[in-house]
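Asker: Just so it is clear: in the sequence shown, position 127 is 397 by the working numbering, and no numbers are missing. Ideal placement from N, C-alpha and C gives every residue a C-beta, glycine not left out. Since this is a predicted model, take the numbers as computed values, not measurements. First the structure, which I've put down as structure tokens, then a few questions once you've had a look.
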Amino acid sequence: GAGYRSRVFFSAKHRRLLAIQVENLSMDSSLTGQLRVPQANYEYLTDWPTYELGAASESRFAIDQVEENVVVGRGSPGLYTRGAWSLRSTGPLLETRASNRFGVEVPPGGEQTFLFAFVTHWQTEEYAQTSARLAGESGDYRTAERHHQEAWDEDWARTPLLVLPDERHEELFYRSVFWLFSTAGHGGFLPGESQFATACWNMRPFTYGAAGWATLAFTRLGHFERARTMLEAHFKPAALRENAELYIEESPRQGGAFSFAHEVRTDGTTNGVNDEQRHLNGFALALFHQYYVMTGDEEFLQESLYPVARGVAEFWSDLAVWNPSVEAYTFPRLRSVSEDLFEESILDVVLSARWSLETAVHYAERVDADEDARHRWAKVARELHIPQNDRHYLEFLGDREDREYGSYQGIRAPVYL
271 GAGYRSRVFF
281 SAKHRRLLAI
291 QVENLSMDSS
301 LTGQLRVPQA
311 NYEYLTDWPT
321 YELGAASESR
331 FAIDQVEENV
341 VVGRGSPGLY
351 TRGAWSLRST
361 GPLLETRASN
371 RFGVEVPPGG
381 EQTFLFAFVT
391 HWQTEEYAQT
401 SARLAGESGD
411 YRTAERHHQE
421 AWDEDWARTP
431 LLVLPDERHE
441 ELFYRSVFWL
451 FSTAGHGGFL
461 PGESQFATAC
471 WNMRPFTYGA
481 AGWATLAFTR
491 LGHFERARTM
501 LEAHFKPAAL
511 RENAELYIEE
521 SPRQGGAFSF
531 AHEVRTDGTT
541 NGVNDEQRHL
551 NGFALALFHQ
561 YYVMTGDEEF
571 LQESLYPVAR
581 GVAEFWSDLA
591 VWNPSVEAYT
601 FPRLRSVSED
611 LFEESILDVV
621 LSARWSLETA
631 VHYAERVDAD
641 EDARHRWAKV
651 ARELHIPQND
661 RHYLEFLGDR
671 EDREYGSYQG
681 IRAPVYL
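Structural data, given as structure tokens:
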């Protein structure tokens, strides 16, 4: 006759809120247990709340019980990600011998709710106050759940219906959309493969990866505000110019070249790893282009799309060099999308550059700007050397079609087109 039922969700209304409800199914005895919170394993050098930390590990928190049912934790101000959490319970949180554990007692037939809010400095510098407000103002479990469900209903109501003949694929599609809503659309950082699971990636997203494809997916699904939020996270002009300087030491033209990062830091700069994959400049420009195609947002064209198109076109036209042996423009050694090829004038780089230059010319004409520059871009695009023979495209300039794994390029390289 004993047991319990638990329910849990991360709120779609307030993305930094976790709600847990525990119901005691026994009508005769209390349900007792312990609640464990993110722990502290360092010494206090001063008292709360003006504390300093001794030997602190990442993700450790100074913990303080401010009320019988409220506990708060705050991380070191010196950590890369600074943050604070607040926990509010509908019942008392009982002290134990461990600083990060609290006793819980749910009466027979009763229930207890825990509302946990975790906020970092990526959202606001007032992260401690914001986490306390979220936990304190979210009401009871049913109120938080109603707000959560209303937010999901609003998202699904605005999402196009896709009917697939195979119900397994249809289920997979909608699970993918659910995952997209749950993990992307934030303005403080972009989603990255394995960023929370594998330490070596150090939270770096790939522009040509989840960070880019999620932006494109929001655009295609008509969730333009989330796509715009992520585009703004991509569009950091000072960082894009700095990235371009890795390849072009000094751009002679006003405004300068833009180059997107393969593995992008939070500030938009590259860390240099695998960044020879310059095809992604075309992919990144396509994210902005697709958003404008779907929305027709003229302000976005003027303030974001055209500056990106112009910067990327300047990058390609500065990087291209006239090659008298083929009587055309070629590019220096760069890395292909297949990652195992590092050669001169690789096919995917050339096609990405040509599309970028032609797109920049198109939008320069639309906004009636940069007449001299657009003639230069058009000339480079028109006279780029495309590796090919009389039968088919080749991987790179001078390709003899004898490279091991060369056929892989024919499978993967066209994806950005």
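Tell me, please, which residues DSSP counts as bridged to tyrosine 663.
Answerer: Within the sequence shown, residue 663 is the residue found at index 393, counting from 1. In the DSSP output, where bridge partners are listed per residue, tyrosine 663 has Gln658.
Asker: Based on the DSSP secondary-structure assignment, which residues constitute the bridge partners of isoleucine 333?
Answerer: Locating residue 333 in the sequence shown gives position 63, counting from the first residue. The partner list for isoleucine 333 (beta bridge, DSSP) reads Gly343.
Asker: Any idea what DSSP makes of arginine 636, helix, strand or coil?
Answerer: Reading the sequence shown from its first residue, position 366 is the one you call residue 636. Looking at arginine 636 - three-state DSSP - the assignment turns out to be helix.
Asker: Could you have a look at phenylalanine 443 and say whether DSSP puts it in helix, strand or coil?
Answerer: The residue you call residue 443 lines up with position 173 of the sequence shown. Residue state, collapsed to three classes: helix.
Asker: Which same chain residues end up closer than 7 angstroms to alanine 402 when comparing Cβ atoms and leaving out the 5 residues on each side of it in sequence?
Answerer: As a working note, residue 402 is residue 132 in the sequence shown. If we look at alanine 402 and ignore the five residues flanking it on each side, its Cβ neighbours are Val342 and Ser356.
Asker: Give the range of the alpha helix (DSSP H) segment to which phenylalanine 553 is assigned.
Answerer: Locating residue 553 in the sequence shown gives position 283, counting from the first residue. First-last of the alpha helix (DSSP H) with phenylalanine 553: 550–565.
Asker: Give me whichever residues DSSP pairs with threonine 390 in a beta bridge.
Answerer: Position 120 of the sequence shown holds residue 390. Threonine 390 is bridged to Gly353.
Asker: Alpha carbon to alpha carbon, how far is glycine 566 from valine 336?
Answerer: Position 296 of the sequence shown, counted from the first residue, corresponds to residue 566. Position 66 of the sequence shown, counted from the first residue, corresponds to residue 336. Glycine 566 and valine 336: Cα-Cα distance of roughly 51 angstroms.
Asker: Which residues bound the alpha helix (DSSP H) around glutamate 495?
Answerer: For the purposes of this step, residue 495 is identified with residue 225 of the sequence shown, where counting begins at 1. That run of the alpha helix (DSSP H) goes 494–504.
Asker: Does the count of Cβ pairs from the segment 441–449 and the segment 386–405 closer than 8 angstroms reach three?
Answerer: No, because fewer than three Cβ pairs between the segment 441–449 and the segment 386–405 fall closer than 8 angstroms, the two stretches do not touch.
Asker: Name the residue from Ala282, Pro507 and Ser529 whose alpha carbon lies nearest to the alpha carbon of glutamate 515.
Answerer: Counted from its first residue, the sequence shown places residue 515 at position 245. Cα-wise, what sits closest to glutamate 515 is Ser529.
Asker: Tell me whether the beta-carbon of alanine 282 lies closer than 9 angstroms to the beta-carbon of serine 299.
Answerer: Position 12 of the sequence shown, counted from the start, is the residue given in the question as residue 282. Position 29 of the sequence shown, counted from the start, is the residue given in the question as residue 299. No, the pair does not count as a contact, with Cβ atoms beyond the cut-off.
Asker: Measure the C-alpha to C-alpha separation of phenylalanine 331 and proline 347 and round it to an integer number of angstroms.
Answerer: Numbered from its first residue, the sequence shown carries residue 331 at position 61. Numbered from its first residue, the sequence shown carries residue 347 at position 77. In a straight line, the C-alpha of phenylalanine 331 is about 10 angstroms away from that of proline 347.
Asker: For serine 622, which of helix, strand or coil comes out of DSSP?
Answerer: Residue mapping note: residue 622 aligns to position 352 of the sequence shown, counting from 1. Residue state, collapsed to three classes: helix.
Asker: Under DSSP, the alpha helix (DSSP H) around valine 650 begins and ends at which residues?
Answerer: Translated into the one-based positions of the sequence shown, residue 650 becomes position 380. Counting along the chain, the alpha helix (DSSP H) containing valine 650 begins and ends at 641–652.
Asker: If we call anything under 9 angstroms between Cβ atoms a contact, is histidine 504 one with threonine 489?
Answerer: Looking up residue 504 in the sequence shown gives position 234. Looking up residue 489 in the sequence shown gives position 219. Their beta carbons are not under 9 angstroms apart, which means histidine 504 does not touch threonine 489 by this criterion.
Asker: Straight-line CA distance for serine 587 to proline 657?
Answerer: Here residue 587 refers to the residue found at position 317 when the sequence shown is read from its first residue. Here residue 657 refers to the residue found at position 387 when the sequence shown is read from its first residue. Each residue's Cα considered, the two are about 18 angstroms apart.
Asker: What is the DSSP secondary structure of glycine 482, counted as helix, strand or coil?
Answerer: Looking up residue 482 in the sequence shown gives position 212. It is helical.
Asker: When the Cα atoms are used, what is the spatial distance from valine 650 to glutamine 572?
Answerer: Stepping through the sequence shown from its first residue, residue 650 is reached at position 380. Stepping through the sequence shown from its first residue, residue 572 is reached at position 302. Each residue's alpha carbon lies about 24 angstroms from the other.
Asker: Using 10 angstroms around the beta-carbon of alanine 639, count the other beta-carbons present and answer buried if the total reaches 16, otherwise exposed.
Answerer: Locating residue 639 in the sequence shown gives position 369, where the first residue counts as 1. Alanine 639 is exposed by the Cβ-count criterion.
Asker: Keeping to the same chain, check which residues put their C-beta closer than 6 angstroms to that of serine 329; ignore five residues upstream and five downstream.
Answerer: Start at 1 with the first residue of the sequence shown, and residue 329 comes out as number 59. With a pLDDT of only 47 at serine 329, under 50, the local geometry of the prediction cannot be trusted, and the value read off the model is given with reservation. Closer than 6 angstroms at Cβ, skipping near neighbours: no residue.
Asker: Mind pulling the beta strand (DSSP E) runs of 3 or more residues that sit fully within the segment 352–439?
Answerer: Complete beta strand (DSSP E) runs here, min 3: 353–359, 371–376 and 381–390.
Asker: Determine the DSSP secondary structure at serine 587, reduced to helix, strand or coil.
Answerer: Taking the sequence shown and counting its residues from 1, the one referred to as residue 587 is at position 317. Serine 587 falls in the helix class under three-state DSSP.
Asker: What is the DSSP secondary structure of tyrosine 274, counted as helix, strand or coil?
Answerer: As a first step, residue 274 must be located in the sequence shown, where it is residue number 4. Three-state result, tyrosine 274: strand.
Asker: What is the DSSP secondary structure of valine 292, counted as helix, strand or coil?
Answerer: Numbered from 1 along the sequence shown, position 22 holds the residue referred to as residue 292. Here valine 292 sits in strand by DSSP.
Asker: Which two residues bound the contiguous beta strand (DSSP E) that contains arginine 755?
Answerer: Since the first and last residues shown for the chain are 271 and 687, residue 755 lies out of range.
Asker: Closest to glutamate 420 by CA distance: which of Thr629, His284 and Gly455 is it?
Answerer: As a working mapping, residue 420 is identified with position 150 in the sequence shown. Minimum Cα distance to glutamate 420 is reached at His284.
Asker: Mind checking whether valine 389 and arginine 286 have CB atoms under 9 angstroms apart?
Answerer: Within the sequence shown, numbered from 1, the residue matching residue 389 stands at position 119. Within the sequence shown, numbered from 1, the residue matching residue 286 stands at position 16. In this structure, arginine 286 lies closer than 9 angstroms to valine 389 by Cβ.
Asker: Output needed for tyrosine 478: all residues of its chain with C-beta closer than 6 angstroms, excluding positions within five of it in sequence on either side, in chain order.
Answerer: Walking along the sequence shown from the start, residue 478 turns up at place 208. Once the five neighbours on either side are set aside, the close Cβ partners of tyrosine 478 are Leu550 and Phe553.
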